[in-house]
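Residue 223 in this note's numbering sits at position 184 of the sequence shown, and the numbers go up by one each step.
Below is one structure; the comments refer to it alone.
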Amino acid sequence: MTTLAEKLAGIIDPARIVTDLERLDELSWDALSEARIDPRHRPSTGLPICAVLPQSTEEVQQLVRFANSQKIAILPYGGGSGLMGGALSIGACLLLDLRSMNRILDIDTASRSARMQAGVVLESLDHGLSEKGFILGHDPWTVPVATVGGAISTNSVGYRAGLYGSMGDQVLGLEAVLPNGEILRTRAVAKSSVGIDLTALLIGGEGCFGIITEATLRIFPVPEERRLHALRFDSFEIGYGAIQAMFRHRLQPALLDFGDSGAKYDGGAVLYLGFEGNRAVVEGEARLALDICRRHGAGELPEQEAERFWRERHSIARRFMQNRRERRQRGRDGVYRDWIHVALPPAQVLPFRAAAITLIRERGVELQESGLWIEPGLFSMPLALADGAPNAQLKLEEAIEALLRLVHSMGGSMEYTHGVGVKLAPLMADEHGYGMEVMRQIKRTLDPNNILNPGKMGL
Numbered sequence: 040m041t042t043l044a045e046k047l048a049g050i051i052d053p054a055r056i057v058t059d060l061e062r063l064d065e066l067s068w069d070a071l072s073e074a075r076i077d078p079r080h081r082p083s084t085g086l087p088i089c090a091v092l093p094q095s096t097e098e099v100q101q102l103v104r105f106a107n108s109q110k111i112a113i114l115p116y117g118g119g120s121g122l123m124g125g126a127l128s129i130g131a132c133l134l135l136d137l138r139s140m141n142r143i144l145d146i147d148t149a150s151r152s153a154r155m156q157a158g159v160v161l162e163s164l165d166h167g168l169s170e171k172g173f174i175l176g177h178d179p180w181t182v183p184v185a186t187v188g189g190a191i192s193t194n195s196v197g198y199r200a201g202l203y204g205s206m207g208d209q210v211l212g213l214e215a216v217l218p219n220g221e222i223l224r225t226r227a228v229a230k231s232s233v234g235i236d237l238t239a240l241l242i243g244g245e246g247c248f249g250i251i252t253e254a255t256l257r258i259f260p261v262p263e264e265r266r267l268h269a270l271r272f273d274s275f276e277i278g279y280g281a282i283q284a285m286f287r288h289r290l291q292p293a294l295l296d297f298g299d300s301g302a303k304y305d306g307g308a309v310l311y312l313g314f315e316g317n318r319a320v321v322e323g324e325a326r327l328a329l330d331i332c333r334r335h336g337a338g339e340l341p342e343q344e345a346e347r348f349w350r351e352r353h354s355i356a357r358r359f360m361q362n363r364r365e366r367r368q369r370g371r372d373g374v375y376r377d378w379i380h381v382a383l384p385p386a387q388v389l390p391f392r393a394a395a396i397t398l399i400r401e402r403g404v405e406l407q408e409s410g411l412w413i414e415p416g417l418f419s420m421p422l423a424l425a426d427g428a429p430n431a432q433l434k435l436e437e438a439i440e441a442l443l444r445l446v447h448s449m450g451g452s453m454e455y456t457h458g459v460g461v462k463l464a465p466l467m468a469d470e471h472g473y474g475m476e477v478m479r480q481i482k483r484t485l486d487p488n489n490i491l492n493p494g495k496m497g498l
């Protein structure tokens, strides 16, 4: 019997077909650990049949057409840094490792845009742009490993999102291969008013509606000035009041990272704040922001603390991506850990935080921190439970679900940066209501054989 790899050899160079079981095992998981999967909703997993490394849109097109004709599932794979299982192999499939599609095709400084293949790593793109005096506005902690296509597919945010927006906000146009093998190209312009925005269909779609092969992104001049500050408040509530005041004054910090872990600062809350861009604008905004913070009782931490935070903001990425097999299990210290990153109306943040703390304590779960990222409505909580507790993993995930349902009841959204994958799929109907059926109908229309990344996003 002819194997799948042998059939694919007529489409793609056999040297770019992976059948080694150890390598396939490495590719079968992204950065979602088994310890963060709700045991009530654990998907079946398995190795891909094989993996291929296409180098062009045309090769992706041929592979998709073949897979569709044979009803073989396709798993698009980028940097493998996703935390929700969007690139988790949940059964026999053909894995498309897009990292060989790593060319920057054009940098148009006059239009302030760049076009590149989907497998370009964000850090490589930023280096290429810096040679032309530009930067990429998307700056997540995974910059050293995440790819352009993967970041678009989850519509993630990064450290500079307060100024430049999410990854999706930076997309001007896309090229993608649809499940039937047709190529969709959208026009790379800042605005159009000619029907439904098909670019938006692919942003946050996690490869379920089409495989992104090229993107045209906004790029930004290297900032003339950057000001970084670290400030301490006596409590989360006081610091939140200062942040709300900053936004009422329409200040737009590029960096806003606020949390109350208290381990280092005696139970207070610490705000890392950064402004960048035109020197006069930066100086004015930073001056007003500091004045607002001081009026709320903030004390400035040493300048070196802010610089350290900025310098080390990506350092966890490489450590995180090492020893993937080990991280599939619970934490090395025998503690289960998980977190929520939710979007709330700013007026609901403090009420939600208070209710969440009560809920967590009643369930015996440890709250490690509560914090904000980017703007007042984007709220996070890392949680932990020692493995010694009875049914620790289940108890932690039940607490997570209860928190997310509370978010929905308060008008919020259950995730603002990492996407859905398999992790949040069981709650998608609660998030979207009838909108979930709309998404499923779109999926059935575009992908009647359900070949593109099946089992993800609740589709």
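C-beta atoms are modelled at their ideal positions from N, C-alpha and C, and glycine is treated no differently.
Is the distance from the Cβ of residue i to the Cβ of residue j below 7 Å?
i	j	result
L398	A431	no
A308	G278	yes
A153	I50	no
P260	F173	yes
L92	S163	no
A227	G212	yes
T84	I146	no
L86	S67	yes
I413	G201	yes
T252	E214	yes
P115	L144	no
A386	I331	no
G416	L445	no
L240	T225	no
E408	G280	no
L133	A157	no
G121	D64	no
H80	P465	yes
G204	P262	no
Starting from the C-beta of residue i, find all residues in its chain whose C-beta is less than 7 Å away, skip the five residues before and the five after it, and write them out in chain order.
i	result
T456	S195, V196 and H380
Y304	In this predicted model, Y304 has a pLDDT of only 47, less than 50, meaning its place in the structure is not dependable; the value taken from the coordinates is given anyway. R271, listed in sequence order.
L463	M123, M453 and E454
F348	A269 and Y311
A302	Its pLDDT being 46, under 50, A302 is placed unreliably by the model, and nothing is read from it.
Q101	I50
A44	I56, T58 and C89
W378	S419, M420, P421 and L422
L329	H268
Have a look at the DSSP bridge pairing and note the partners of residue i.
i	result
F314	R266
A425	V374
P115	L135
R154	D145 and T255
F29	Coverage of the chain is limited to positions 40 through 498, which leaves residue 29 absent and any answer about it impossible.
I56	V91
G474	According to DSSP, G474 bridges with nothing at all.
A382	L417 and S452
Closer than 6 Å by C-beta to residue i: which residues in its own chain qualify, once you throw out the five before and the five after it? Chain order, please.
i	result
G118	V184, A185, T186 and G189
Y198	D178, L294 and R352
R266	F314, V321 and A325
P343	Position check: residue 343 holds Gln in this sequence, whereas Pro was assumed. Cβ neighbours of Q343 beyond the five flanking positions: none.
I439	D377
G458	M123, G125, T193 and E245
V515	Lying before the first or after the last residue shown, residue 515 is absent from the chain, which here runs from 40 to 498.
A356	W180, T181, P183 and V184
V374	A423 and A425
Within its chain, find whatever has a CB closer than 8 Å to the CB of residue i; leave out the 5 residues flanking it on each side and keep chain order.
i	result
A468	M475 and G497
R25	The displayed coordinates of the chain run from 40 to 498. Any statement about residue 25 would go beyond what the structure contains.
H335	F272, I277, G278, G280, A281 and A284
I481	L240 and F248
Determine, using beta carbons only, whether residue i comes closer than 7 Å to chain D.
i	result
G49	No chain D is present in this structure, which holds just one protein chain.
Would you call the region 96 to 115 and the region 484 to 495 touching, i.e. three or more CB-CB distances under 8 Å? yes
Any contact of the region 233 to 250 with the region 472 to 489, i.e. 3+ C-beta pairs under 8 Å? yes
In the region 233 to 289, which residue ranges form an unbroken beta strand (DSSP E) of at least 3 residues, counting only runs that do not cross its ends? 250 to 257 and 264 to 272
Would you mind listing the alpha helix (DSSP H) stretches within the region 171 to 232 that are 4+ residues and don't spill past its ends, in chain order? 187 to 193 and 200 to 203
Give the list of continuous alpha helix (DSSP H) stretches no shorter than 4 residues that lie fully inside the region 399 to 450. 431 to 448
Counting only runs of 4+ residues fully inside the region 333 to 358, write out the alpha helix (DSSP H) ranges in chain order. 342 to 350
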